[in-house]
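The sequence shown begins at 41 in this note's numbering and counts up one residue at a time. Using N, Cα and C, we set each Cβ at its ideal position, and we do this for glycine too.
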Amino acid sequence: TPATHLKRFIEQKFQTTSHIKEEVHAEHQDHSPQHPPTNQMLVLDKPKTHGRSSTRLVEDAVREYIKHYVICNTCGSCQTKLLPKKRLQCGSCGMKRSVLSPSSSHHNNK
């Protein structure tokens, strides 16, 4: 899934593990399909930030992820889909390109 892909990218980037934290909101106690019961948040377990602001580094990592795995290089659309075999396809212009898997890419903090 895209969420799992992003999770692996962030874990690789910060050389750490992470977990999903769910928050149930009081106004959504009915759990109806129109009102999702939770917000999900990715929590990093002891990220290696080398003394720099972790908030800024995570923001930069998400921007990097979007650039490599979401935005179409041809038309700039974000209407893309991750396909099997490490491919990205644009729903707007039809472009397909290869992408590195998070575990095989060299997106390390230095």
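> Taking Cβ positions, are L160 and H45 nearer each other than 8 Å?
Replying inline: The requested residue 160 is not part of the displayed model; the chain covers only 41 to 150.
> What are the boundary residues of the beta strand (DSSP E) that S58 is part of?
Replying inline: Indexing the sequence shown from 1 puts residue 58 at position 18. Per DSSP, S58 belongs to the beta strand (DSSP E) from 57-64.
> How many Å lie between I111 and V64 at the Cα?
Replying inline: Position 71 of the sequence shown, counted from the first residue, corresponds to residue 111. Position 24 of the sequence shown, counted from the first residue, corresponds to residue 64. Roughly 31 Å separates the two Cα atoms.
>> Is the separation between the beta-carbon of K126 and that of V139 shorter than 8 Å?
In response: Mapped onto the sequence shown, residue 126 falls at position 86. Mapped onto the sequence shown, residue 139 falls at position 99. Against a cut-off of 8 Å, the Cβ pair of V139 and K126 comes out as a contact.
>> Between which residues of its own chain and P87 is the CB-CB distance below 7 Å, once the five residues before and five after are set aside?
In response: In the sequence shown, the residue the question calls residue 87 occupies position 47. Once the five neighbours on either side are set aside, the close Cβ partners of P87 are F54, T56, S94.
> What does DSSP give as the partner residues of V83 in its beta bridges?
Replying inline: Here residue 83 refers to the residue found at position 43 of the sequence shown. According to the DSSP secondary-structure assignment, V83 is paired through a beta bridge with H59.
> Where do the N-terminal and C-terminal ends of the alpha helix (DSSP H) with R48 fall, by residue?
Replying inline: The residue given as residue 48 occupies position 8 in the sequence shown. First-last of the alpha helix (DSSP H) with R48: 42-54.
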